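Visitor: Residue numbers (the working numbering), protein chains in the order written: chain A, 93 to 562; chain B, 93 to 562; chain C, 93 to 562. Please find one structure pasted underneath; my questions will follow.
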Amino acid sequence: MEKTNTDELPLAMNSTEKQETVCIFGTGDFGRSLGFKMLQCGYSVVFGSRNPQMSSLLPNGADVLSYPEAAKKSDIIIMAIHREHYDFLTELTEVLNGKILVDISNNLKINQYPQSNAEYLAQLVPGAHVVKAFNTVSAWALQSGALDASRQVFVCGNDSKAKQRVMNMARTLGLTPLDQGSLMAANAIENYPLQLFPMWRFPFYLSAALCVFFFIYCVIREVIYPYVYEKKDSTFRMAISIPNRVFPVTALILLALVYLPGVIAAILQLYRGTKYHRFPDWLDHWMLCRKQLGLVALGFAFLHVIYTLVIPIRYYVRWRLRNLTITQALLKKEDPFSTSSAWLSDSYVALGILGFFLFVLLGITSLPSVSNAVNWREFRFVQSKLGYLTLILCTAHTLVYGGKRFLSPSILRWCLPAAYILALIIPCTVLVIKFILILPCVDKTLTRIRQGWERNSSYSKSPLNGKTDI
Amino acid sequence: MEKTNTDELPLAMNSTEKQETVCIFGTGDFGRSLGFKMLQCGYSVVFGSRNPQMSSLLPNGADVLSYPEAAKKSDIIIMAIHREHYDFLTELTEVLNGKILVDISNNLKINQYPQSNAEYLAQLVPGAHVVKAFNTVSAWALQSGALDASRQVFVCGNDSKAKQRVMNMARTLGLTPLDQGSLMAANAIENYPLQLFPMWRFPFYLSAALCVFFFIYCVIREVIYPYVYEKKDSTFRMAISIPNRVFPVTALILLALVYLPGVIAAILQLYRGTKYHRFPDWLDHWMLCRKQLGLVALGFAFLHVIYTLVIPIRYYVRWRLRNLTITQALLKKEDPFSTSSAWLSDSYVALGILGFFLFVLLGITSLPSVSNAVNWREFRFVQSKLGYLTLILCTAHTLVYGGKRFLSPSILRWCLPAAYILALIIPCTVLVIKFILILPCVDKTLTRIRQGWERNSSYSKSPLNGKTDI
Amino acid sequence: MEKTNTDELPLAMNSTEKQETVCIFGTGDFGRSLGFKMLQCGYSVVFGSRNPQMSSLLPNGADVLSYPEAAKKSDIIIMAIHREHYDFLTELTEVLNGKILVDISNNLKINQYPQSNAEYLAQLVPGAHVVKAFNTVSAWALQSGALDASRQVFVCGNDSKAKQRVMNMARTLGLTPLDQGSLMAANAIENYPLQLFPMWRFPFYLSAALCVFFFIYCVIREVIYPYVYEKKDSTFRMAISIPNRVFPVTALILLALVYLPGVIAAILQLYRGTKYHRFPDWLDHWMLCRKQLGLVALGFAFLHVIYTLVIPIRYYVRWRLRNLTITQALLKKEDPFSTSSAWLSDSYVALGILGFFLFVLLGITSLPSVSNAVNWREFRFVQSKLGYLTLILCTAHTLVYGGKRFLSPSILRWCLPAAYILALIIPCTVLVIKFILILPCVDKTLTRIRQGWERNSSYSKSPLNGKTDI
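Quick look at the structure:
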C-alpha cells in the first residue's frame, strides 16, 4: 500500500522553535486529515488507537500508540471518535486529568442527544478542559486546502486558556477561529453543520406553492380557455408569457408578506395595550424569516425584469408587431397617437423600474457585510422606510398596469379575474392598515407602548421610573 | 397585570455549571429587556432600583433590591440608567470598588457632552473597572431575537480582564463582541448608534440637486419648447424619456467628481512641492466620501441601463416605429442602409455596456467583505486603474452618442445645448488633467513627492535618510 | 520649512490616563506617518534616528533621539527600517532585551529572502519579543484616514502578551487587528501586500485567450467570408454582434471548466481506488481557482445578457425589421404564425434567463460575507447541486438556440461551424461523464472511496476502524 509522498512533509521546520506535539485519538478519515494538515503546519502528531499496529494509512511522520501512551505525549488531545464510543475514556481519567480535550464530533441529526457531545465529554472526564472545535470543517477541505466555505472554526469551552490554545492551533492551520463563549454553546455548534437553510424553508415552500397555483391559474385562463373557445394553440405561452405573469405576482405577494407580520404585531400590541406579551409562535417565526421572504421576492422580481426586457426579442412579439403594421399599411390607416396611453404605459414602466431599483438596494443592504456596517438606526431606516416605499411603488406599478382595463368585465374568463388583480389583495390590505397605523393618534399610542408604557399598569404611573432608567 | 409566561424561562439550566449572577441598575425598558435575555441565557439576574417594591414589570425569576444590596450580589453591574442620574453613584463608591461597571447608555445627540458617558462614569467611581458595551443593540432586537443588523457589540475599556468578561457575556447572549480598545473609544461608540449615514449626505444632496436641475433643464427643452412652438403635448416624456436623460448625466458627473479631488490633490502637491502640507478641509471631506459618490453614480447608471432597455416596450416607441414603417410602405420607399450609422449606434451602445460592466465591478469590490479580502495594492489597482478606464469608457459613450449631431446648431433650443453636452464638461476636464499628470516628466516628480521627497528641503538632500528607513 | 499644523495635535488628552510612549526606529515616510497617527491618537512618540539633528520633517510633538536613547524611553519599538539595515541592532541587544519589537517591513518581491524579515529580526535580537504588524497598511491611508481597503492589520508573534499589546495599539489607531498566530505566519503576512490577484491570473489569461480566438474565428466567418463572396461590408458587426457571440461562448466554456476538474478527480479516484493519492499539481491548482473561473464566466454571462437585451435598440436591427415589414407589406404577403418557432424561440430565451438567474445566485453565494454565513453542507449544496443545474440550463440554452439549424450544412462557412457548436463540446462532455458518475453503481464506490475506503487495503477490512472513529 502506498503512503503519502514524502515531499508533502512540513517544509517550514523552524529549528529555533520547539515543535508542539498534538495527540489525536482515533484514526478515522477526519482524524487522519487533521493529523496530516497539522504535520504540514509544523506540529508533531501522535495518534492514539485501539489497534496501533493495524493503522497503516496514517500520514508519514506520525506515531501511532495505544490511547494511554499517546495521551501522555501531549497536553492537547483531539477526540476524533464518535460520541457512542466516548465511554472508554472513563478508564483514562487519570491520564487525561488537566489535559485539553478537543471535541470535534458531529451528530447525524439535529438535537440527536439531549446533551451536546462536548458537554457529555466534560461530564465523563471532569478533570479535563473540554473545548469544542473543528466540527464545522470538512476533511476534504483540510486535505485539499480549498477552504472556501469553511475557514471558520467555532470554538467554545469553559476554560479560557485552553480555548486560547485551541484557537491558536486553528490559526496555525490557516483557519479562522471564532470564540463562541462557554461550553453551553456546544449544542448550537454541533447542530450548525447539519442545517440546510433552515430559515429559507418556509419562504421557499410558500413561493413554490404560489408559483404552482398561479401557473395553473394562468394556464387555465390563457391556454385552455382560448383552446376551448377558439381552438387556438397557445401552449407556447407557457415558456415566457405565463411565467412573466406568475413571477411578478409571486414577488408582489411575498413582498407584502414581509410587511404583513409587522402590521399584525402592531395591531396585537395596540389591542393588548402592552409590548410585554409574547406574540403567538407563528407570528414570531414569520417575523424571523422576513429577510428570507424579501430575498426570495427579490429573486422573482429579478426574473420578472429580465422576462420583461426580452419581450421585443421574442419571435411571437416580432411576428405580431410585423403583422399589425402590415395590416395597417394595407388598410392605409394611420394610427392616431394617444397621449393618455403613452402616459399610462410610461408610468407603469417607470414605477416598476424605481420599485425594482429600491428592491435591489434593500437586497444589497441585507448582505451580511453591509448590514454589519450600518447601525440599528440606519438599518431600520432602510428596511422600514425604503421597504414601504418599495411596496408602494410595486403596488402602484401593478395598479397602473391594470389601468383602464381594471374593472372591464371582458377580462373575466370563466369568472376568473386576471392574476394581477388577485396579487393586489394582500399588498393593498397591508398598505391600508399601515396608513391607519401611522395616523398621529394611533401612532402616538403605539410609540408609547413600544417604549415600555402599559395600559392598565400601576408601573407606568410611577413618576420616577421610566425617566431615570434606560 | 400579566407577567411574562413561565415557559420563556431558561430552558438550559445546566446543574453542573454554577450560575453567574449579573446585577442591573435601573428597571427601564432596555434594562428589563437585557435582564430577560440574560435569564434566558442562563444567568441569574438581580435588579437594583430606587423603589424596589414598585417594579412590577420585571421578568420572572429576577430579584429586585435596593442599589447597594443589589450591587453586593454580583461583581458585574450593568448601568441601565441615564447619564443625568449617575451622580447618586458617588454614594456607593465603597460598594462598587473593584466591580465591573458596564455603561450601556446612549445620548440623544452626537457629542452631547464634552466627555463620553463611560469616561464620566469612570471618573465618578474611580475604583471600578468601567466597560462600555451593549449601547448599539436595540431593546426590541434583544427581546425578539431578530438581531439582523445589531449582532455586533462594540466593547471598550481600560481593564482587559473586565473587558474579556463582558465580551464573554455578550457571546453568551448570542451577540458578537468587537474589542475597540481603551475607554477613549467610548465617545465614538456612543456616537455610533445616533448616526444616519453621515458619509452619504453630501453625495445624496449633491445628486438630488443635479437631478432636479437637469430635470427642469430637460423639461424646458423637451416639453415647454415644443409646446410653445408647435403646441405639441409632450408631457408624457416626463415619465421615462427625461429621467433617462437626467440619470446618465448625473451618473457621469458624479463619476467624474469621484476622480476630480485626486487630480486636485496631485496639482496641490506639485505646486507646494511636498506632501506634508495638509489639504484644505473641503478637499479632505470630498476625498473621504468618494466611495459613496461612486456608489450613488452607480445607482444612477443602473437606472439608466434599465430605462434604456425598456425603450422598445414603450407604447410611444412602438407607435412611432409602426407609423414610420407604414409611412415608408405607403411611399414605397426603401430605406438605404448606412454603415456609418450602424457603426456609431453599435459603438456607443458597446462602450456604454462595457463602462457599466466595469462600474458594476467597481461597486462589487467596494462591498466591505470584498474590499477586506484584497490587499492595498489590489484595491488601488481596481479603484484607480479600472476606475479611470470606467470613466474613459463612459465619457466616450457620451461623446459617441452625440456623434454627428454634436456641433450642429439645430440642437440648441433657446440657446440651451442638450444636457449630455453639459455633462461632458467635468469628465473631459478630469481626463485631460489626468493625462497631463501621467506624462513621464510630471509623473516622476509626483511619485517622488509621494514617497516623502520635498522641494526646498535640507532633509531630502541627506544621503542617508530615505534609503535606510521605511 | 513648514511643519504640520498644531491644530492636528491630539484633541483627546485625557489627563486621567497616563500617556503611553512608543518608540519608532527610523524616520522614513512610513515611520513618520505612523508616528503622526499615533500622536493624533494620544500616544507619546519618540523617534530613534542615526542623525537625530537632521530629521526636520518629523511631526510636531515627537522627540528625536539616537537609537539607544530612544529605545530606553519605551518598551514597544517599531522598526521602520529596511531589512538590509537590521544588522546594526546586534549592537543594541542589551537595550532591546525584553522589549517588544514590531516589524513593519515589506519586501520588494514575493519570497525575496528564505527567512521572513520578522523571523530574521527575532534571530538577530533573541531577547526581544518580535511581533509582525502594520505592513499591510499604507502610509497614505494612515495620513489621510481613508482606510477603505486596509483597515485590517495582520498580527503574528510568539509572545501572546506582546501580541495583545500591539493589537490594542492597532485598535487605538482605528485599525482592525487580526491575530494570525505564531511568527511562522510572518512570511505569508509579508508576501500578502505584494500579491496582485494571484488566483485570478489563470482564469484571466485563459478567458482572454478564448475571447481572442473566438473573436478572430467569428470575424473570419461573419466579416471576411461575406466580404469575399458578396463584397458586403459587415465590419460594424465587430462592435456588438460578434462580441455577443464571443461572450456567451467563453462564458459557457469557462463554466464547464469549473466542473471539469471535479469530474477528472473523481475518475482518478475511481481508477486508483483510493483518495489518499495526491492529484497532479495542475489538477490541484485548477481546483483551487474554480471560484475565480466561475466568477469570470459570470462576468461574460452578464455581458452577454446586456448585449442581447440591447438588440432591439440597435440601428441595424431596427433597419432590418423595418425593411422586412415594408417588403412584406409591398408584396401584400402575410406571414403565417409558426407555433414551433415560437416554442423554440421562447424556450431558449427562458432557459437562458433561468440559467443566468442561477448563475447570479452562485455568484452571490461566493461573496465572502455570504459564504461565511453558510455551513459546509449548504455551501456544497449551492455550489454543486445548483452549479450543475446552471451548467445544464446554459448548455440546453445553447442547444435549443441551435435548434433546427444544428446539422444543416449551410451553416458551415469555409468548413468552419458556428462558434456555439464549438462551445458545446466541453460542457456536453462534462455533463455526460457526470451522468455516468452518478449512476448508482459508480456513485456507491466513489462515496466509499471518499469516506476513506481503499481498494487493496488491509486497513479497510478491519472491522473496528472506520466505525468507531471519525
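Here a beta-carbon is modelled for each residue, glycine too, at the ideal position from N, C-alpha and C. Bear in mind that the values here come from a model prediction, so they are computed numbers and not experimental data.
1. Just the chain E side, please: which residues come within less than 7 Å of E426(B) by C-beta, in chain order?
2. On the criterion of 16 or more Cβ atoms from any shown chain inside 10 Å, does S333(A) qualify as buried, or is it exposed?
3. Report all residues from its chain with a CB closer than 8 Å to the CB of V355(C); omit the five preceding and five following residues, and keep chain order.
4. Are there 16 or more other CB atoms within 10 angstroms of the CB of Q198(C), so buried, or fewer, so exposed?
5. Give the interface partners of V402(B) over in chain A, defined as CB-CB distance under 8 Å, in chain order.
6. Hey, could you find the ends of the alpha helix (DSSP H) K191(C) is sitting in?
7. Could you check which residue in Y480(A), D438(A), M171(A) has the C-alpha nearest to that of V194(A)?
8. Assuming F246(C) and Q272(C) form a contact by the criterion Cβ under 8 Å, report the distance between their Cβ atoms to the nearest whole angstrom.
9. Please work out which residues of its chain come closer than 7 Å, Cβ to Cβ, to K383(B), disregarding the five sequence neighbours upstream and downstream, and give them in chain order.
10. Between W468(B) and chain C, is any beta-carbon pair separated by less than 8 Å?
11. Starting from G386(B), find everything on chain A with Cβ-Cβ shorter than 9 Å and list it in chain order.
12. In angstroms with no decimal places, state the Cα-to-Cα distance between V138(C) and I562(B).
13. Taking only three categories from DSSP, how would you classify R547(B)?
14. Can you have a look at V350(B) and say buried or exposed, based on whether 16 or more other CB atoms are within 10 angstroms of its CB?
15. For a test of the three-state rule: what should DSSP assign to G78(B), helix, strand or coil?
16. With C-beta atoms as the reference, is T482(C) less than 8 Å away from P519(C)?
17. So for V466(A), helix, strand or coil by DSSP?
18. Quick one: list the residues of chain C neighbouring T431(B), beta-carbon separation under 8 Å, in chain order.
19. May I ask you to report which of helix, strand or coil DSSP gives V229(A)?
20. Restricting to Cα atoms, I'd like to know which of L514(A), I541(A), S437(A) is closest to V492(A).
21. Just confirm the distance between the C-beta atoms of P460(B) and V462(A), as a whole number of angstroms; I'd bet it's less than 8 Å.
22. At a CB-CB cut-off below 7 Å, which residues of chain A make contact with V462(C)?
23. Secondary structure at L131(A), three-state DSSP: helix, strand or coil?
24. Rounded to the nearest angstrom, how far is the Cβ of L390(C) from that of G455(C), given a contact under 8 Å?
25. Quick one: list the residues of chain A neighbouring F339(C), beta-carbon separation under 7 Å, in chain order.
26. Where does T119(B) sit, in a helix, a strand or coil, going by DSSP?
27. How long is the line joining the alpha carbons of G544(B) and M261(C), rounded to whole angstroms?
28. List, in order along the chain, the chain B residues whose C-beta lies closer than 7 Å to that of W292(A)?
29. Just to confirm, is the Cβ distance from G249(B) to V223(B) under 8 Å?
30. CA-CA distance, K129(C) and G190(B)?
31. Quick one: which chain C residues come within Cβ less than 7 Å of Q272(B)?
32. Just how far apart, CA to CA, sit N97(B) and R364(A)?
33. My output table needs one value for V245(A): the three-state DSSP class, helix, strand or coil.
34. By the DSSP assignment, the alpha helix (DSSP H) with L216(B) in it spans what residues?
35. 8 Å is my cut-off, CB to CB: does F289(B) come that close to chain A?
36. Between the Cα of L385(B) and those of E112(B), F294(B), D373(B), spot the shortest distance and give me the residue it belongs to.
Guide: The answer reads as follows:
1. Of the protein chains in the structure, A, B and C, none is chain E.
2. In the first sequence, residue 333(A) corresponds to position 241, counting from 1. Burial call: buried.
3. The residue given as residue 355(C) occupies position 263 in the third sequence. Cβ neighbours of V355(C) beyond the five flanking positions: V522, I525, K526, L529.
4. If you number the third sequence from 1, residue 198(C) lands on position 106. Here residue 198(C) turns out to be Asn, not Gln, going by the sequence shown. Answer is buried; the Cβ neighbour count reaches 16.
5. Your numbering for residue 402(B) matches position 310 in the second sequence. Here the neighbours are T400, L401, V441, I445.
6. Working through the third sequence from its first residue, we reach residue 191(C) at position 99. Run containing K191(C): none; DSSP gives neither H nor E here.
7. Residue 194(A) sits at position 102 when you count from the first residue of the first sequence. Cα-wise, what sits closest to V194(A) is M171(A).
8. The sequence position of residue 246(C) within the third sequence is 154, counting from 1. The sequence position of residue 272(C) within the third sequence is 180, counting from 1. Confirmed, Cβ separation roughly 5 Å.
9. The sequence position of residue 383(B) within the second sequence is 291, counting from 1. Within the same chain, K383(B) has close Cβ partners S458.
10. Translated into positions along the second sequence, residue 468(B) becomes position 376. True, the Cβ-Cβ gap to chain C drops below 8 Å.
11. Within the second sequence, the letter at position 294 stands for residue 386(B). Chain order gives no chain A residues near G386(B), where near means a beta carbon separation below 9 Å; the closest approach is about 14 Å.
12. Position 46 of the third sequence, counted from the start, is the residue given in the question as residue 138(C). Position 470 of the second sequence, counted from the start, is the residue given in the question as residue 562(B). Note on geometry: alpha-carbon atoms of V138(C) and I562(B) lie some 16 Å from one another.
13. On the second sequence, residue 547(B) is found 455 positions in, with the first residue counted as 1. Note: R547(B) maps to coil in three-state DSSP.
14. On the second sequence, position 258 is the one that residue 350(B) refers to. When all chains shown are included, V350(B) counts as buried.
15. Here chain B has residues from 93 to 562 only, and residue 78(B) is not among them.
16. Along the third sequence, one-based indexing puts residue 482(C) at 390. Along the third sequence, one-based indexing puts residue 519(C) at 427. Cβ atoms of T482(C) and P519(C): not closer than 8 Å.
17. The residue labelled residue 466(A) in the question sits at position 374 within the first sequence. If DSSP states are grouped into helix, strand and coil, V466(A) belongs with coil.
18. Locating residue 431(B) in the second sequence gives position 339, where the first residue counts as 1. Those within 8 Å of T431(B) in chain C are D325, T327, F328.
19. The sequence position of residue 229(A) within the first sequence is 137, counting from 1. Coil at V229(A), not helix or strand.
20. The count along the first sequence starts at 1 and reaches residue 492(A) at position 400. Nearest of L514(A), I541(A), S437(A) to V492(A), Cα basis: S437(A).
21. Your numbering for residue 460(B) matches position 368 in the second sequence. Your numbering for residue 462(A) matches position 370 in the first sequence. That belief holds up - the Cβ atoms of P460(B) and V462(A) are roughly 7 Å apart, short of 8 Å.
22. Here residue 462(C) corresponds to residue number 370 of the third sequence, with the count starting at 1. Simply L459, P460.
23. The residue labelled residue 131(A) in the question sits at position 39 within the first sequence. Helix.
24. Within the third sequence, numbered from 1, the residue matching residue 390(C) stands at position 298. Within the third sequence, numbered from 1, the residue matching residue 455(C) stands at position 363. Contact holds; Cβ gap of about 5 Å.
25. The residue you call residue 339(C) lines up with position 247 of the third sequence. Here the premise fails: no neighbours, minimum Cβ distance about 16 Å.
26. For the purposes of this step, residue 119(B) is taken as residue 27 along the second sequence, with counting starting at 1. Correct three-state label for T119(B): coil.
27. Residue 544(B) sits at position 452 when you count from the first residue of the second sequence. Residue 261(C) sits at position 169 when you count from the first residue of the third sequence. About 25 Å.
28. For this step, residue 292(A) is matched to residue 200 along the first sequence. Those within 7 Å of W292(A) in chain B number zero; the least Cβ separation is about 15 Å.
29. What you label residue 249(B) is simply residue 157 of the second sequence in a count that begins at 1. What you label residue 223(B) is simply residue 131 of the second sequence in a count that begins at 1. Taking 8 Å as the Cβ cut-off, G249(B) and V223(B) qualify as a contacting pair.
30. Stepping through the third sequence from its first residue, residue 129(C) is reached at position 37. Stepping through the second sequence from its first residue, residue 190(B) is reached at position 98. When rounded, the separation of the alpha-carbon atoms in K129(C) and G190(B) is 33 Å.
31. Along the second sequence, read from residue 1 onward, the residue named residue 272(B) stands at position 180. R263, listed in chain order.
32. Numbered from 1 along the second sequence, position 5 holds the residue referred to as residue 97(B). Numbered from 1 along the first sequence, position 272 holds the residue referred to as residue 364(A). Its pLDDT being 35, under 50, N97(B) is placed unreliably in this model, and the coordinates cannot settle the point.
33. Start at 1 with the first residue of the first sequence, and residue 245(A) comes out as number 153. DSSP places V245(A) in strand when its eight states are reduced to three.
34. Against the second sequence, residue 216(B) aligns to sequence position 124. 209-216 is the span of the alpha helix (DSSP H), which, as asked, contains L216(B).
35. Your numbering for residue 289(B) matches position 197 in the second sequence. Answer yes: the Cβ-Cβ gap between F289(B) and chain A drops below 8 Å somewhere.
36. Counting from one through the second sequence, the residue named residue 385(B) turns up at place 293. Among E112(B), F294(B), D373(B), the Cα nearest to that of L385(B) belongs to F294(B).
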